[in-house]
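Residue numbers for the sequence shown follow the numbering used here, so the first one is 6 and each next one is one higher.
Just so you know, even glycine gets a beta-carbon here, dropped at the ideal spot from N, CA and C.
Just so we're clear, the structure is a prediction, and the values are computed from it rather than from any experiment.
Single-structure report; data block below.
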Amino acid sequence: MDLTQTDRPVSDAVAPAGFALADDPSAGRTEPPRVIEIGEVTAGIAVPEGRGVRFFSSSRDFDGLDGAVFRNAEQAARAARERVAARTRAAARHDRGAELRRRA
Numbered sequence: 006m007d008l009t010q011t012d013r014p015v016s017d018a019v020a021p022a023g024f025a026l027a028d029d030p031s032a033g034r035t036e037p038p039r040v041i042e043i044g045e046v047t048a049g050i051a052v053p054e055g056r057g058v059r060f061f062s063s064s065r066d067f068d069g070l071d072g073a074v075f076r077n078a079e080q081a082a083r084a085a086r087e088r089v090a091a092r093t094r095a096a097a098r099h100d101r102g103a104e105l106r107r108r109a
């Protein structure tokens with residue numbers, strides 16, 4: 006059951022069955038949404054969802070990861086870093102190929 010901020014019970018006594026207040030020590034802890042930055046670029050945000058986090062891209066370079074669900078925010082950040090590394094390697098190969106063609 007999703008409750009809006011105004012519907013939030015003030016105590017567990019009036020909370021619906023199976024619902025615990027966030028400030029209750031027994032309530033499940035989830036990580037907050039996390040902004041993922043790679044260098045100076047904001048790649049996106051990892052938002053808790055179910056048993057993991059969903060990645061929402063904020064840069065076209067990371068649109069391939071948009072909507073993907075990861076186990077945790079660190080796994081999402083790792084995927085974003087790997088995406089940057091793969092693009093960097095591809096650009097380096099392209100530059101080497103162009104240099105070799107110029108020499109020939």
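Residues in the same chain with beta-carbon distance under 8 Å from residue i, minus the five sequence neighbours each way, listed in chain order, please.
| i | result |
| --- | --- |
| VAL74 | GLU54, GLY55, GLY57, VAL58, ARG59, PHE60 |
| ARG92 | ASP66 |
| ALA95 | none |
Using C-beta distances below 7 Å, list every residue in its chain close to residue i, excluding the 5 sequence neighbours before and after it, in chain order.
| i | result |
| --- | --- |
| ALA81 | ILE41, ALA51, VAL58, PHE60, PHE75 |
Out of the options, which has the shortest C-alpha to C-alpha gap to residue i?
| i | options | result |
| --- | --- | --- |
| PRO37 | ILE43, ALA78, ALA84 | ALA78 |
Near residue i, which residues of its chain fall below 6 Å by C-beta distance, leaving aside the five closest residues on each side in sequence?
| i | result |
| --- | --- |
| ALA63 | Residue identity differs from the one stated: residue 63 is Ser in this sequence, not Ala. Excluding sequence neighbours, SER63 sits near THR47, GLY49. |
| ALA97 | none |
| ARG39 | ALA51, ALA78 |
List the whole-angstrom C-beta distance separating residue i from residue j, where the pair is believed to meet the contact cut-off of C-beta under 8 Å.
| i | j | result |
| --- | --- | --- |
| ILE43 | ALA84 | With a Cβ gap of about 10 Å, ILE43 and ALA84 do not count as contacting. |
| LEU88 | GLY72 | According to the sequence displayed, residue 88 carries Arg and not Leu. Contact doesn't hold; Cβ gap of about 14 Å is too wide. |
Pull up the DSSP beta-bridge partners for residue i, would you.
| i | result |
| --- | --- |
| ARG39 | ALA51 |
| VAL74 | ARG59 |
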